[in-house]
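Asker: Sending over a structure as structure tokens; questions will come in a sec.
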Amino acid sequence: MRGRVLVAGIGGGGDVGSAHCVATYLRELGYRVFLASVVWERMVRDPVPGPISPKEVQGAEQYNWIAVVRGGEFSLREGKKVEPEAALLAKATGESVILLDLTGGYYSLYQSFLEAIELTGSDIVIGVDAGGDVLAMPGDDDVWSPLTDSIALAVLQDLETSQLAVVGPGCDGEMPTEKVLRRISMVWKNGGNLGGFVISRNLKEVCERAMKFMKTEASRVVLRAASGEFGEVEIRRGSRKLLLSPVLATTFFLDPKKVQSPLANAVRGTKSIEEASAKMLENCSVSELELEKILKKLGEPTKENLEKARETLLKMRRCSDASNLQREEMERFKD
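In this note's numbering, the protein residues as written are -2 to 332.
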């Protein structure tokens, strides 16, 4: 046995599906792996804006900051029964999944990771983001949901031993694949290249079975790419487009401490998700919390309402220094 690893989906939604793929890959290498996830379900499933606290999940095994699900657990959100994606994955695989608390911003997520590390005896934490918006910068107009990722990146940077895994660059239809790859190159240039892997045919089949009950689109896009599909596709009810290619079947391991992120710096130390969301807007970025609040007022999350909410959200950013940050980013890449 090569050690104990805690693999966590850090972007909300179905990132736990991609985390399971990474966990399976590591198990094949001989590691003892434990699975975890933040709990933030998309508006098509959860009518309440914001993350779900592990303490809200009925049937889960409760600890101080975290909870453990094994399949069938749910939360009541304005009377609607919502099974977290992590519980749906646990139902399909028979594995336990640790739920991490994001409701208290950076502070609760940091405490959740510490408790999960103690519970599992893990030697290292790997945070998994499907798509790569964890590498978002102030002023990026193409990101939709960088809040969760930015909080998680700040936590990963502050943990003693951690890695960041970017699965399927651009698979979530947010930052284009080329931009994500450019950001990865910047991390590599800064000394943060820790390797990676491509999803094999056998691993794809294992991942497909694990996602049997899940509603995720982004993590499934990765598996479609691993099946050989190629070409432009639409996701999120037609609100986003992306190019399927073998690149989307690739996972990159990065040193989070080598990621230069003004957004992670901005949300570090926050003690509520509302405070972290405000910090994102102050730093010329967007927030999925604010997006969901706007969508709730508009009604159903149709393509038209998503586009309206997006336009409103972009106007909420405060961007006085964003252009300078973007120029500095490109200059670092050119050096």
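Positions of the beta carbon are idealized from the N, C-alpha and C atoms, including for glycine.
Which same chain residues, not among the five before or five after Arg180, have their C-beta less than 6 Å away from its C-beta?
Answerer: Taking the first residue of the sequence shown as 1, we reach residue 180 at position 183. Within the same chain, Arg180 has close Cβ partners Leu132.
Asker: Assuming Ile7 contacts Asp146 (C-beta within less than 8 Å), just tell me the rounded distance between them.
Answerer: The residue you call residue 7 lines up with position 10 of the sequence shown. The residue you call residue 146 lines up with position 149 of the sequence shown. Ile7 to Asp146, Cβ: 6 Å. Contact.
Asker: List the DSSP bridge partners of Gly6.
Answerer: Here residue 6 corresponds to residue number 9 of the sequence shown, with the count starting at 1. Beta-bridge pairing links Gly6 to Ser34 and Val125.
Asker: On the CB-based measure, 16 or more other CB atoms within 10 Å of its CB, does Asn61 come out buried or exposed?
Answerer: The residue labelled residue 61 in the question sits at position 64 within the sequence shown. By the 10 Å Cβ count, Asn61 comes out exposed.
Asker: Check whether the stretch 252 to 262 touches the stretch 276 to 284, taking contact to mean three or more Cβ pairs, one atom from each stretch, closer than 8 Å.
Answerer: The stretch 252 to 262, when compared against the stretch 276 to 284, does touch it at the 8 Å Cβ threshold.
Asker: Assuming Ala149 and Val35 are in contact, meaning their beta carbons sit under 8 Å apart, how far apart are those beta carbons, in whole angstroms?
Answerer: The residue given as residue 149 occupies position 152 in the sequence shown. The residue given as residue 35 occupies position 38 in the sequence shown. With 8 Å as the limit, Ala149 and Val35 qualify as a contact, their Cβ atoms being about 7 Å apart.
Asker: Alpha carbon to alpha carbon, what distance is there between Val184 and Glu92?
Answerer: Numbered from 1 along the sequence shown, position 95 holds the residue referred to as residue 92. Numbered from 1 along the sequence shown, position 187 holds the residue referred to as residue 184. If I take the Cα positions, the gap works out to 33 Å.
Asker: Any idea if Phe227 is buried or exposed, counting beta-carbon neighbours within 10 angstroms, 16 or more meaning buried?
Answerer: Looking up residue 227 in the sequence shown gives position 230. Exposed is the call here.
Asker: Tell me the rounded alpha-carbon separation between Lys293 and Thr267.
Answerer: Residue numbering aside, residue 293 sits at position 296 when the sequence shown is read from its first letter. Residue numbering aside, residue 267 sits at position 270 when the sequence shown is read from its first letter. C-alpha separation (whole angstroms): 25 Å.
Asker: Applying the 10 Å Cβ sphere with the 16-neighbour rule, what's the burial state of Lys331?
Answerer: The sequence position of residue 331 within the sequence shown is 334, counting from 1. The predicted position of Lys331 is uncertain, since its pLDDT is 44 and thus under 50; no value can be drawn from it.
Asker: Taking the straight line between their C-alpha atoms, what separation do you get for Glu75 and Leu295?
Answerer: Counted from its first residue, the sequence shown places residue 75 at position 78. Counted from its first residue, the sequence shown places residue 295 at position 298. C-alpha separation (whole angstroms): 17 Å.
Asker: Kindly list the residues whose CB is nearer than 7 Å to the CB of Leu336, restricted to its own chain and excluding five residues on each side of it in sequence; keep chain order.
Answerer: It is not possible to answer for residue 336, since the shown part of the chain is limited to -2 through 332.
Asker: Hey, quick one: how far does the beta strand (DSSP E) through Ala273 stretch, first residue to last?
Answerer: Counting from one through the sequence shown, the residue named residue 273 turns up at place 276. Unbroken run through Ala273 is the alpha helix (DSSP H), Ile270 to Glu279; no beta strand (DSSP E).
Asker: According to DSSP, is Phe210 helix, strand or coil?
Answerer: By 1-based counting over the sequence shown, the position of residue 210 is 213. Of the three classes helix, strand and coil, the one that applies to Phe210 here is coil, per DSSP.
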